[in-house]
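Read through the structure below, which is laid out as structure tokens, and then see the notes.
Numbering (this note's numbering), first residue to last: 3 to 253.
What follows is the structure, encoded as structure tokens:
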């Protein structure tokens, strides 16, 4: 760093006797100044080389994020997406990754991960079918619940299983939540008609329009304004998933 080296020289040059204002250099002082400069240059070169080596070994990782549900009304990431990005950034610090975010519907995220078009997907539940295609992190990211949402003016009440019978339930294509809800319904004594949507945004729009009675969504998302929770069920651990052809990404 030339400025630091120059600063050391200026300091050494200021060390002198008082005779006629001359700067008196000793051989030891000059040698010490040169040694300091040499060490600074060597240290700077070492840091630059290490930084360059780290940069050359960093990997670009494509991460799937569901579209249409990524922004709040203020234009910022919603709570779930913000959490995912913070989680990934913590991983990137020691893994040497840089991210490219791919925003597509959830079922498209699953398809792209399976085909190698993206590298990583978060909050993925384990199923026998998925286990054939994906590798999972050894530790879960957390536990999600199935939340059953209704409009604020719904006549349904919390855990009103008798009235749940025959309701139309919206869900995102590719999500396993609807299967978990169906199993829960068998245990609690109700059945329903499942209606698929490409995104959570479309699903809640249909709910508000009266096209469906309820919407099944993960507990990781904020409760949309003007809606109520009618049931909480089906806890399930979720993981980071990668395609099996790239096992180095998870551990």
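Ideal Cβ placement from N, Cα and C applies to all residues, glycine included. Note that the structure is predicted; figures quoted are calculated from it, not measured.
Roughly how many angstroms lie between the CA atoms of residue i and residue j, to the nearest whole one?
{"i": "residue 141", "j": "residue 242", "result": "9 Å"}
{"i": "residue 230", "j": "residue 92", "result": "34 Å"}
{"i": "residue 118", "j": "residue 218", "result": "28 Å"}
{"i": "residue 211", "j": "residue 160", "result": "21 Å"}
{"i": "residue 234", "j": "residue 131", "result": "25 Å"}
{"i": "residue 213", "j": "residue 151", "result": "14 Å"}
{"i": "residue 62", "j": "residue 246", "result": "18 Å"}
{"i": "residue 203", "j": "residue 95", "result": "33 Å"}
{"i": "residue 74", "j": "residue 191", "result": "Reliability of the predicted coordinates at residue 74 is poor, the pLDDT of 47 falling under 50, and no value is obtained from them."}
{"i": "residue 87", "j": "residue 225", "result": "20 Å"}
{"i": "residue 187", "j": "residue 97", "result": "42 Å"}
{"i": "residue 54", "j": "residue 120", "result": "In this prediction, residue 54 has a pLDDT of 49, which is less than 50 and means its spatial position is unreliable; nothing more can be read from the coordinates."}
{"i": "residue 39", "j": "residue 68", "result": "Its pLDDT being 38, under 50, residue 39 is placed unreliably by the model, and the measurement read from it follows with that caveat. Their Cα atoms are separated by approximately 54 Å."}
{"i": "residue 156", "j": "residue 215", "result": "8 Å"}
{"i": "residue 177", "j": "residue 248", "result": "23 Å"}
{"i": "residue 207", "j": "residue 189", "result": "29 Å"}
{"i": "residue 124", "j": "residue 134", "result": "17 Å"}
{"i": "residue 113", "j": "residue 106", "result": "10 Å"}
{"i": "residue 168", "j": "residue 185", "result": "15 Å"}
{"i": "residue 149", "j": "residue 240", "result": "15 Å"}
{"i": "residue 85", "j": "residue 223", "result": "11 Å"}
I'd like to check one pair, residue j with residue i: are the Cβ atoms closer than 8 Å?
{"i": "residue 108", "j": "residue 60", "result": "no"}
{"i": "residue 111", "j": "residue 182", "result": "no"}
{"i": "residue 147", "j": "residue 201", "result": "no"}
{"i": "residue 174", "j": "residue 205", "result": "yes"}
{"i": "residue 65", "j": "residue 104", "result": "yes"}
{"i": "residue 170", "j": "residue 194", "result": "yes"}
{"i": "residue 254", "j": "residue 238", "result": "A question about residue 254 goes unanswered here, because the residues of the chain that appear run from 3 up to 253."}
{"i": "residue 179", "j": "residue 196", "result": "no"}
{"i": "residue 244", "j": "residue 83", "result": "no"}
DSSP has residue i in a bridge; who is on the other side?
{"i": "residue 239", "result": "145"}
{"i": "residue 123", "result": "66, 243"}
{"i": "residue 100", "result": "62"}
{"i": "residue 151", "result": "217, 231"}
If I'm right that residue i touches residue j with Cβ under 8 Å, what's the distance once you round it to whole angstroms?
{"i": "residue 115", "j": "residue 101", "result": "Contact doesn't hold; Cβ gap of about 15 Å is too wide."}
{"i": "residue 228", "j": "residue 172", "result": "So it is not a contact: roughly 16 Å between Cβ atoms."}
{"i": "residue 158", "j": "residue 232", "result": "5 Å"}
Next item on the list: Mind the definition here: the region 159–173 touches the region 128–139 only if three or more C-beta pairs lie below 8 Å; say whether that holds.
Entry: no
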